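Notes for the one structure printed next.
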Amino acid sequence: MSETPGFPAAAARPGPAGAREQAARAAELDAADPLAAIRDRFVLDDAPDEASGGAGVYLDGNSLGALPRAVPGRIADVIAREWGELRIRSWTESGWWTAPERIGDKIAPLIGAGPGRVVVGDSTSVNIFKAVVGGVRMAGKGCTEILVDATTFPTDGYIARSAARMTGLAVRPVEPGGIADEVTERTALALVNHVDYRTGRLNDLPGITHALHSAGALAVWDLCHSAGALPVGLDAHHVDLAVGCTYKYLNGGPGSPAYLYIRESLQERFESPLPGWNSHADPFAMDPGYTPADGIPRGRVGTPDILSLLALEAALEAWDGVSIEAVRTKSLALTDFFLECVQAYVPPDLVRSLTPQAHERRGSQVSLACSPKLGSSFAQGGTPVAGQVMDELIRRGVVGDFRHPDVLRFGFTPLYTSFADAERAAWVLGEVLRALPGVSSGDDG
Numbered sequence: 000m001s002e003t004p005g006f007p008a009a010a011a012r013p014g015p016a017g018a019r020e021q022a023a024r025a026a027e028l029d030a031a032d033p034l035a036a037i038r039d040r041f042v043l044d045d046a047p048d049e050a051s052g053g054a055g056v057y058l059d060g061n062s063l064g065a066l067p068r069a070v071p072g073r074i075a076d077v078i079a080r081e082w083g084e085l086r087i088r089s090w091t092e093s094g095w096w097t098a099p100e101r102i103g104d105k106i107a108p109l110i111g112a113g114p115g116r117v118v119v120g121d122s123t124s125v126n127i128f129k130a131v132v133g134g135v136r137m138a139g140k141g142c143t144e145i146l147v148d149a150t151t152f153p154t155d156g157y158i159a160r161s162a163a164r165m166t167g168l169a170v171r172p173v174e175p176g177g178i179a180d181e182v183t184e185r186t187a188l189a190l191v192n193h194v195d196y197r198t199g200r201l202n203d204l205p206g207i208t209h210a211l212h213s214a215g216a217l218a219v220w221d222l223c224h225s226a227g228a229l230p231v232g233l234d235a236h237h238v239d240l241a242v243g244c245t246y247k248y249l250n251g252g253p254g255s256p257a258y259l260y261i262r263e264s265l266q267e268r269f270e271s272p273l274p275g276w277n278s279h280a281d282p283f284a285m286d287p288g289y290t291p292a293d294g295i296p297r298g299r300v301g302t303p304d305i306l307s308l309l310a311l312e313a314a315l316e317a318w319d320g321v322s323i324e325a326v327r328t329k330s331l332a333l334t335d336f337f338l339e340c341v342q343a344y345v346p347p348d349l350v351r352s353l354t355p356q357a358h359e360r361r362g363s364q365v366s367l368a369c370s371p372k373l374g375s376s377f378a379q380g381g382t383p384v385a386g387q388v389m390d391e392l393i394r395r396g397v398v399g400d401f402r403h404p405d406v407l408r409f410g411f412t413p414l415y416t417s418f419a420d421a422e423r424a425a426w427v428l429g430e431v432l433r434a435l436p437g438v439s440s441g442d443d444g
């Protein structure tokens, strides 16, 4: 099976304008969805919108998750009472000091980690730096290179190259599927994205990790596009270090703090390149010499961002009673259904899926590449056609995002995305594309 196939063959050819043949199926799927009630835990645009002609559809949770209803009240209390009244006492009385580890333990089950292996704080970029440099320091003598996912999100590559310059190593980009063949005894570690941010391709975390370990190298994983969308299994697969953001599928809010995972057996060897006072064994001793704390607190750096941390903690309440396995089941059903609806509603050959059809290779987004057939028929002011298509989708109430030069991305967050959302998004996409000059409606096909 191809990595970037077309759409599933089971769906119908495009029907006449106005035929919403998949809408009834969406209603059936939503009625049978065991996670349907979780949607009420989020603030969404469920009321009909006069401008767009329907309820809003939010499919950009792979960039910024929707607001959980528990967050505003919690933050109001933090500001008015914990900060406003208790002030400095809240570091102890309100549990501020222990928040990075406490919230890490809430995230841990969602990424397959035990207690005491995840600490929350700093940005994704800072945690990647800590993980890569800390990993190099734990690597065997004689290592000369760091492998980097050749399709990685740019920041990962930037940080890896900076870390390599600081540690005297070289960086070698490698396609994730080729890491098992490319790793050597000279490799210190590989930094790999679990899900490709552009295509939604799911990389083989167990297989790549095993191949790295077989060569004596460490595995460092970026979980930004997988945590909260699918099972990860960090402990089960003996991952060494992992980093992820919390503002996508974990819904922690814009700029919410990231997290760092350190395998339990490596924690006492982990030497952070950012030895801040918060990771000292005795922070308030104000010792001029640095002694790292035991366990996962050594992944901390400076004073944590309490407002964002506690907003994230409240956001994670949306996961109460929800298993990551149930989320994965719905994610695959949603993305399957969306692809079927796209084939049913979009004129042939105008878009193709970059997201693998095989479930074991798919994350929780669908990326559609716009065909060169569209040419400049919707281009304005130098903006690519796909960008203009996404702008029009958003104007009509369907929010996804665009990646240069031709990719439309749609993120499916199973906690709040419905099958009706998927159907409406595909229908509006078809309407937008059918309206382009020179595009046949497909009625005669």
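Positions 0 to 444 (numbering that gives the first Met the number 0) are the ones given, in order, by the sequence shown.
Virtual Cβ for every residue (Gly too), placed ideally from N, Cα, C.
Source: prediction; values computed, not measured.
Exercise. Nearest to K329 by CA position, among L85, D420 and D32, is which residue?
Worked result: Your numbering for residue 329 matches position 330 in the sequence shown. Looking at L85, D420 and D32, the one whose alpha-carbon comes closest to that of K329 is D32.
Exercise. In whole angstroms, what is the alpha-carbon distance linking G362 and H224?
Worked result: On the sequence shown, position 363 is the one that residue 362 refers to. On the sequence shown, position 225 is the one that residue 224 refers to. If I take the Cα positions, the gap works out to 8 Å.
Exercise. Taking all protein chains shown into account, do 16 or more other C-beta atoms lie within 10 angstroms of the C-beta of R268, making it buried, or fewer, making it exposed?
Worked result: Stepping through the sequence shown from its first residue, residue 268 is reached at position 269. Flag for R268 reads exposed.
Problem set entry | Straight-line Cα distance separating P346 from D443 | Walking along the sequence shown from the start, residue 443 turns up at place 444. Walking along the sequence shown from the start, residue 346 turns up at place 347. The predicted position of D443 is uncertain, since its pLDDT is 39 and thus under 50; a value taken from the coordinates is nonetheless stated next. It is roughly 11 Å from the alpha-carbon of D443 to the alpha-carbon of P346.
For this session: Go ahead and label W426 buried or exposed: buried means 16 or more other beta carbons lie within 10 angstroms of its beta carbon, across all protein chains shown.
Result: By one-based count along the sequence shown, residue 426 stands at place 427. W426 is buried by the Cβ-count criterion.
Exercise. If we ignore side chains and look at the alpha-carbon of each, how far apart do A163 and R136 end up?
Worked result: Position 164 of the sequence shown, counted from the start, is the residue given in the question as residue 163. Position 137 of the sequence shown, counted from the start, is the residue given in the question as residue 136. Each residue's Cα considered, the two are about 11 Å apart.
For this session: Report back the beta-carbon spacing between A317 and L168 to the nearest angstrom; my notes put them in contact at under 8 Å.
Result: As a position in the sequence shown, residue 317 is number 318, starting the count at 1. As a position in the sequence shown, residue 168 is number 169, starting the count at 1. Contact flag wrong, Cβ pair sits at about 41 Å.
Exercise. Under a Cβ-count criterion, where at least 16 other Cβ atoms within 10 Å of its own Cβ denotes burial, should I87 be classed as buried or exposed?
Worked result: Taking the sequence shown and counting its residues from 1, one reaches residue 87 at position 88. I87 comes out exposed.
For this session: Would you identify the three-state DSSP class for L146, choosing helix, strand or coil?
Result: Indexing the sequence shown from 1 puts residue 146 at position 147. DSSP places L146 in strand when its eight states are reduced to three.
Problem set entry | CA-to-CA distance, V388 to A434, given in whole angstroms | For the purposes of this step, residue 434 is taken as the residue at position 435 of the sequence shown. For the purposes of this step, residue 388 is taken as the residue at position 389 of the sequence shown. One C-alpha to the other measures close to 10 Å.
For this session: Report back the beta-carbon spacing between A25 and A421 to the nearest angstrom; my notes put them in contact at under 8 Å.
Result: Translated into positions along the sequence shown, residue 25 becomes position 26. Translated into positions along the sequence shown, residue 421 becomes position 422. Right, their Cβ atoms sit about 7 Å apart.
For this session: Could you check what DSSP says for D39 in three-state terms: helix, strand or coil?
Result: Taking the sequence shown and counting its residues from 1, one reaches residue 39 at position 40. Reduced to three states, the DSSP call for D39 is helix.
For this session: Give every residue of the same chain whose Cβ lies closer than 7 Å to the Cβ of K372, excluding the five residues on either side of it in the sequence, and list them in chain order.
Result: For the purposes of this step, residue 372 is identified with residue 373 of the sequence shown, where counting begins at 1. So the qualifying residues of the chain are D348 and L349.
For this session: Put G320 into one of helix, strand or coil per three-state DSSP.
Result: Position 321 of the sequence shown, counting from 1, holds the residue named residue 320. Coil, per DSSP.
Problem set entry | Continuous beta strand (DSSP E) stretch holding D400: start and end | Walking along the sequence shown from the start, residue 400 turns up at place 401. Here the beta strand (DSSP E) through D400 covers D400 to R402.
Exercise. Assuming G296 and V118 make a contact with CB atoms under 8 Å, what is their CB distance in whole Å?
Worked result: Looking up residue 296 in the sequence shown gives position 297. Looking up residue 118 in the sequence shown gives position 119. The residue asked about is misnamed: residue 296 is Pro in this sequence, not Gly. Indeed, because the Cβ distance is near 7 Å, the residues count as touching under 8 Å.
Exercise. To which residues of the same chain is P175 closer than 6 Å at the C-beta, ignoring the five residues directly before and after it?
Worked result: What you label residue 175 is simply residue 176 of the sequence shown in a count that begins at 1. Only D148, V191 and N202 meet the Cβ criterion.
Problem set entry | alpha helix (DSSP H) runs contained entirely in the region 72-107, provided each spans 4 or more residues | 89-92 and 98-106
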